[in-house]
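With the working numbering applied, the sequence shown covers 182 to 535. Glycine included, every Cβ here is placed at the ideal spot set by N, Cα and C. What follows is one structure encoded as structure tokens, with my remarks underneath.
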Amino acid sequence: HGEMDLRTNILGIDTQMPYFITSCAGQRMFHADGEIATARAAKKHGLGMALSQLTTSTFEEVRKEHPEGAKCLQLYVWRDRVLLKEVLDRAKEVGFTSLALTADFSWVGNRERETRTGFTVPPSYSVRQCIDAIKSPAWTYDYMSRVPYGYKAVPDADFPAESLVDFIAAQMKPEFDWKDAEWLCAEWGDTGPVALKGVARGSDAVRALDTGFQTIWVSNHGGRQLEDSVATFDVLPEVRAAVGTDVQVILDGGVRRGLDIVKALARGADAVAVGRAYLYGLAAGGTAGVDKALTILSRDVNLAMGLLGCRTVKELKERAPEILLVNAASARRQGGIFDRQKAGMTLQPCLEER
């Protein structure tokens, strides 16, 4: 098969691999260098990077570290459209060329792990948190010795992030609807592709395209929002079938290994967004930690592709029907409590036993 060639284009960004760095708010909580460290590692590996609207580094700082790849801005629909438009205008000005709207975070889910650990912003400094801090002296020293971080994409908010928590919570819009999404797409205009992040069924994917989005991002917010939400891997074929082959589809959720990326591509995704995998590296060692995490992921992707005998993503997709086995027991069926005529309808027809 010759040399492996896994280059692709994700949200208008040329990348060396079919996965990219997804957005995560408040990365200076993990390490003093935050998003800057992530951008440096992403550049080294030739990967694209999405930056959160709740970034703790400025747009300019991140773009300077990775001008070719840190070009996607992830954001939420806030109540204050004037404020949101200011964020969009600044993003265009510094060179962002694509947008990802997160649609599954208008309410904050029940984060049980955060309740157990006592995680809050600002920190509560509970007994458990203090014990955990003692167990991780390097991280604790880094956290205690750094300048307090702020949310740098919030206009005129040059003060610690913890003082902005109530403001940001008030800006979230639970009544977010398709009209808001349409307004956002219109405001971004022809700057570049706009993705809807949080799609979990085919009909919503089709409506997103009709609303003005060009890319569909299948996501359940890492399973941290709605308990028992459908697994993105399960619903991916339904979304792909609904939008056809010409629409770019991104998947995230549960991606911890390079093999997970390969499976998602074979299942129907064009690209995979990686979150926690690189954040572990960021917390452990800043740029070096993210670099190591990405090295492991890329090595695993290359190895899996080689063992499958596929040189390119295109070849993997073509051969997917013969190499991808899926347990039919994974099929989700509608209970029929709202429409008895649809009782037992398979939501993932590709899993239905023949």
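Excluding five sequence positions before and after Ala485, the CB atoms of its chain that fall closer than 7 Å to its own CB belong to Gly439, Leu440, Val443, given in chain order. C-alpha of Asp415 to C-alpha of Ile431: approximately 14 Å in a straight line.
Annotation: Asp358 to Tyr330 spans about 32 Å, alpha carbon to alpha carbon. The C-beta separation of Leu390 from His226 comes to about 31 Å, leaving the pair out of contact by the 8 Å criterion. Annotated as proximal: Lys498 and Ala447, with beta-carbon spacing under 8 Å.
Listed in chain order, the beta strand (DSSP E) elements of length 3 or more contained wholly in the segment 390-459 are 396-399, 429-432, 452-455. In the DSSP assignment, Lys378 falls within the unbroken beta strand (DSSP E) covering 375-380.
For Leu232, the secondary structure class from DSSP, reduced to helix, strand or coil, is strand.
Across the structure, Gly462 and His212 are spaced so that their CA atoms are roughly 10 Å apart. Leaving aside the five residues that flank Thr239 on each side, the residues in its chain whose CB is nearer than 6 Å to its CB run, in chain order, Lys333. Non-local beta-carbon contacts of Val471 in its own chain, meaning distances under 7 Å to residues more than five positions away in sequence, involve Ala218, Thr219, Ala222, Tyr459, Gly462, Leu463 in chain order.
Out of Gly229, Thr321, Arg292, the CA that lies nearest to the CA of Tyr306 is found in Thr321. Proximity of the segment 195-202 to the segment 379-397 falls short of the contact definition, fewer than three beta-carbon pairs being nearer than 8 Å. Only exposed fits Val263, as fewer than 16 other CB atoms lie within 10 angstroms of its CB.
The alpha carbon of Val243 has as its nearest neighbour, out of Leu488, Thr468, Arg492, the alpha carbon of Thr468.
The beta carbon of His247 sits closer than 8 Å to those of Ala220, Arg221, Ala223, Lys224, Met230, all from its chain and outside the five residues before and after it, given in chain order.
Within the model, the alpha-carbon separation for Tyr257 versus Ser479 is close to 30 Å. DSSP places Asp186 in the coil class of the three-state scheme, outside both helix and strand. Judged by DSSP secondary structure, Asp195 falls within the beta strand (DSSP E) whose first and last residues are 194-196. The bridge partners DSSP lists for Tyr200 are Val453. Note on Asp451: 16 or more other CB atoms within 10 angstroms of its CB, so buried under the neighbour-count rule. Taking a contact as a CB-CB distance under 8 Å, the pair His402 and Asp323 does not count as one, their CB atoms being some 27 Å apart. Where Gln310 is concerned, the enclosing alpha helix (DSSP H) starts and stops at 308-316. Under the three-state reduction of DSSP, Ser279 is assigned to strand.
Look at Leu254 here: in three-state DSSP terms it is strand.
Taking C-beta separations shorter than 6 Å and ignoring five residues to either side along the sequence, the partners of Leu280 in its chain run Leu254, Trp369, Val375, following chain order.
One Cα belongs to Ala454, the other to Met210, and the distance between them is close to 21 Å.
About 17 Å separates the beta carbons of Leu377 and Leu232, which is beyond the 8 Å limit, so they are not a contact pair. Separation of Arg260 and Asp270 (C-alpha to C-alpha, rounded to the nearest whole angstrom) is 17 Å.
One thing to note: Val399 has its Cβ within 8 Å of the Cβ of Val420. If you draw a 10 Å sphere on the C-beta of Thr237, you find 16 or more other C-beta atoms in it, and that means buried. With a threshold of 16 other beta carbon atoms within 10 Å, Ala272 meets it and is buried. In terms of Cα proximity to Ile194, the closest of Asp186, Leu235, Ala206, Glu249 is Glu249. A check of alpha carbon separations from Asp385 across Gly373, Ser326, Leu417, Thr372 identifies Leu417 as the nearest.
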